[in-house]
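Below is one structure, written out as structure tokens; comments come after it.
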Amino acid sequence: MAFPSNTNIINVMKPSWITIPTELIGSLPRTTALLEGQQAYKAGHISENQLEKLQDKAIRQTIAELEKTGPGQITDGEQAKPSFLVYPIAPLYPSSYSFEDVIDCFTITFSDGHQRALPRLIKAPFQYGKYAVDYVQRAQQYTRRPIKQAIISPSALSNVYPRATIPSYTREQFLEDLVNEVEKDIRLCLEAGADKVQMDFTEARLSLKIDPSGKLLKQFIHLNNRVLDRFNNNPEYQYKIGIHICPGGDRDSYHSLDVDYSSVLPSIFDLHASTFYLSLASERDRKKNLAIIRTFMKPYHRIFLGVIDPCDARVETAEQVCDRILEAVRFIPIEQLGTTDDCGYAPFSDDESTTRAKCYDKIRARVDGTRMAERILNSRK
27 MAFPSNTNII NVMKPSWITI PTELIGSLPR TTALLEGQQA YKAGHISENQ
77 LEKLQDKAIR QTIAELEKTG PGQITDGEQA KPSFLVYPIA PLYPSSYSFE
127 DVIDCFTITF SDGHQRALPR LIKAPFQYGK YAVDYVQRAQ QYTRRPIKQA
177 IISPSALSNV YPRATIPSYT REQFLEDLVN EVEKDIRLCL EAGADKVQMD
227 FTEARLSLKI DPSGKLLKQF IHLNNRVLDR FNNNPEYQYK IGIHICPGGD
277 RDSYHSLDVD YSSVLPSIFD LHASTFYLSL ASERDRKKNL AIIRTFMKPY
327 HRIFLGVIDP CDARVETAEQ VCDRILEAVR FIPIEQLGTT DDCGYAPFSD
377 DESTTRAKCY DKIRARVDGT RMAERILNSR K
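Next comes the structure, spelled out in structure tokens:
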């Protein structure tokens with residue numbers, strides 16, 4: 027067990043005022059100037075240096091705008107990431123990865139029919155071309171606020187290994203290299219001062235669509251635990267590492283919302299983590315899933331529940347958010363509760379389905395609704 031005696035991770039001494047933390051998942055739509063710059067760079071019209079300057083400007087603008095939505099922790103909106111999924115390996119295209127054999131590429135199909143694909147590894151050994159600490163350090167130039175950094179899970183990247191083994195490079199060798207690289211990705215962020223590191227595990231629910239038996243999900247959890255267990259000797263780092271679970275939002279559609287959430291939630295708590303970011307706003311039966319969370323969560327867990335659906339065109343009100351929190355505390359102790367959005371607002375850099383203005387309206391609703399619920403709940407004590 028990862029936390030045999032760490033019940034002190036969540037303060038068991040009840041303070042006079044209980045604060046409900048609220049956090050952004052990570053991404054926001056890229057600025058218009060950056061979107062145009064990405065296209066220009068792809069077409070060979072601007073240099074990489076010019077693109078990086080546009081990224082820096084977008085990061086600075088995004089941080090300034092996020093600071094206006096409320097106090098506390100922020101992200102850089104993932105403005106410089108090509109996507110939440112491939113940022114570590116994208117710099118190694120095409121020398122180490124290939125999209126040529128589409129049949130052999132791991133492909134995700136969303137509810138509106140569009141697809142996203144992972145390339146196949148064609149050259150050993152597996153290694154990162156970029157670490158997320160670069161994003162942390164760029165963001166730190168423009169704010170004194172605590173920075174949260176999302177990283178991709180090893181289970182997601184395990185899908186780059188081809189069906190046919192690479193000569194003299196077994197799958198187990200690949201997995202060991204993968205675990206080492208993800209550990210390094212997390213550790214570098216924490217050493218650089220990241221307030222939280224969030225492992226994006228959106229393929230958890232998707233795995234049951236691929237393999238309804240649950241065997242693949244168990245394999246994914248085991249692989250992710252191989253990384254999480256590397257931090258067993260550092261309670262401070264353990265506390266700062268969280269796991270994000272969602273149905274995979276992109277371009278206002280999901281890839282696995284049709285998979286019964288209740289079939290994946292129990293297994294999620296087998297992950298050796300203290301913090302979980304669980305989508306909930308997009309669910310039809312929130313009470314059913316809250317009951318499952320209550321059953322399987324442990325006393326040292328902090329549960330950040332999704333109270334905003336980024337794929338819903340409607341902007342939630344603070345009152346709606348407040349009501350969702352008041353519903354949640356019937357199942358989860360307020361001392362262990364937090365709020366978040368179900369997913370990032372633009373996990374892929376070309377996603378323009380939601381305006382930045384609408385994203386900020388939704389974020390403000392989350393922040394204001396959380397404070398509203400906090401006041402109500404503290405007044406009841």
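Each residue of the sequence shown is one higher than the one before, counting from 27 in the numbering used here. Note that CB positions come from ideal geometry on N, CA and C, so glycine has one too. As the structure is a computational prediction, the values presented were derived from the model and not from experiment.
Cα separation between residue i and residue j?
{"i": "LYS244", "j": "SER293", "result": "8 Å"}
{"i": "MET225", "j": "ALA176", "result": "6 Å"}
{"i": "ASP286", "j": "ARG189", "result": "28 Å"}
{"i": "GLU353", "j": "ARG382", "result": "29 Å"}
{"i": "VAL159", "j": "THR45", "result": "29 Å"}
{"i": "LEU111", "j": "PRO180", "result": "10 Å"}
{"i": "GLY240", "j": "SER289", "result": "9 Å"}
{"i": "LEU183", "j": "LEU254", "result": "16 Å"}
{"i": "ARG390", "j": "THR191", "result": "49 Å"}
{"i": "ARG171", "j": "ARG328", "result": "21 Å"}
{"i": "PRO336", "j": "GLU209", "result": "29 Å"}
{"i": "GLU74", "j": "ALA106", "result": "12 Å"}
{"i": "ASN258", "j": "THR301", "result": "14 Å"}
{"i": "SER53", "j": "ARG406", "result": "35 Å"}
{"i": "GLY96", "j": "TYR187", "result": "42 Å"}
{"i": "PRO30", "j": "PHE295", "result": "Low confidence applies to PRO30: its pLDDT is 49, below 50, so where it sits in the model is not reliable, and the reading given next is rough at best. Rounded to the nearest angstrom, the two C-alpha atoms are 14 Å apart."}
{"i": "LYS324", "j": "GLY395", "result": "26 Å"}
{"i": "SER279", "j": "ALA339", "result": "11 Å"}
{"i": "ARG392", "j": "GLU400", "result": "12 Å"}
{"i": "TYR119", "j": "ASP102", "result": "24 Å"}
{"i": "PRO273", "j": "CYS369", "result": "8 Å"}
{"i": "ALA307", "j": "LEU50", "result": "14 Å"}
{"i": "MET27", "j": "PRO261", "result": "Low local confidence applies: a pLDDT of 47 at MET27 is under 50, so the model's placement there is unreliable, with the coordinate-based value given in what follows. Taking the straight line from one Cα to the other gives about 14 Å."}
{"i": "LYS94", "j": "ALA165", "result": "16 Å"}
{"i": "GLY275", "j": "TYR303", "result": "14 Å"}
{"i": "VAL223", "j": "PHE246", "result": "19 Å"}
{"i": "VAL38", "j": "ILE358", "result": "Unreliable positioning characterises VAL38 in this predicted model, as indicated by a pLDDT of 49, which lies under 50. A coordinate reading is not provided."}
{"i": "PRO117", "j": "ARG146", "result": "14 Å"}
Going by CA-CA distance only, name the one from the options that's closest to residue i.
{"i": "TYR123", "options": "GLN224, LEU144, GLY274 and ILE72", "result": "LEU144"}
{"i": "LEU363", "options": "TYR386, LEU403, VAL162 and PRO373", "result": "LEU403"}
{"i": "LEU61", "options": "ILE85, GLU342, PRO41 and ASP311", "result": "ILE85"}
{"i": "TYR113", "options": "ARG146, ARG171, HIS248 and LYS156", "result": "LYS156"}
{"i": "ALA59", "options": "PHE227, LYS79, GLU229 and ARG406", "result": "LYS79"}
{"i": "GLN167", "options": "PRO359, VAL205, GLY219 and ALA317", "result": "GLY219"}
{"i": "SER375", "options": "GLN87, PRO108 and HIS248", "result": "PRO108"}
{"i": "GLU202", "options": "LEU249, ILE319 and VAL393", "result": "LEU249"}
{"i": "LEU242", "options": "ALA230, ASN251 and ARG252", "result": "ALA230"}
Could you tell me how far apart the beta carbons of residue i and residue j are, in whole angstroms, since I believe they sit closer than 8 Å?
{"i": "ILE173", "j": "ILE100", "result": "7 Å"}
{"i": "HIS298", "j": "PHE136", "result": "The pair is not a contact, with the Cβ atoms about 30 Å apart (cut-off 8 Å)."}
{"i": "ILE334", "j": "ASP367", "result": "4 Å"}
{"i": "GLN87", "j": "THR57", "result": "6 Å"}
Let's test the definition: count the other Cβ atoms within 10 Å of the Cβ of residue i and tell me whether it reaches 16, buried, or not, exposed.
{"i": "HIS270", "result": "buried"}
{"i": "LYS266", "result": "buried"}
{"i": "GLU104", "result": "buried"}
{"i": "ARG277", "result": "buried"}
{"i": "THR133", "result": "exposed"}
{"i": "ARG197", "result": "exposed"}
{"i": "LYS388", "result": "buried"}
{"i": "GLU309", "result": "buried"}
{"i": "GLU342", "result": "buried"}
- Message: Threshold first: 3 residues or longer. Then list the beta strand (DSSP E) segments lying entirely within the region 136–160, N to C.
- Response: 141–143
- What beta strand (DSSP E) runs, 3 residues minimum, are completely inside the region 239–309? 267–271 and 301–304
- Sequence ranges, beta strand (DSSP E) only - wholly within the region 150–209, length at least 3: 174–178
- Just list the alpha helix (DSSP H) runs in the region 40–105, keeping only unbroken ones of 4 residues or longer that don't cross its boundaries, in chain order. 58–68 and 74–93
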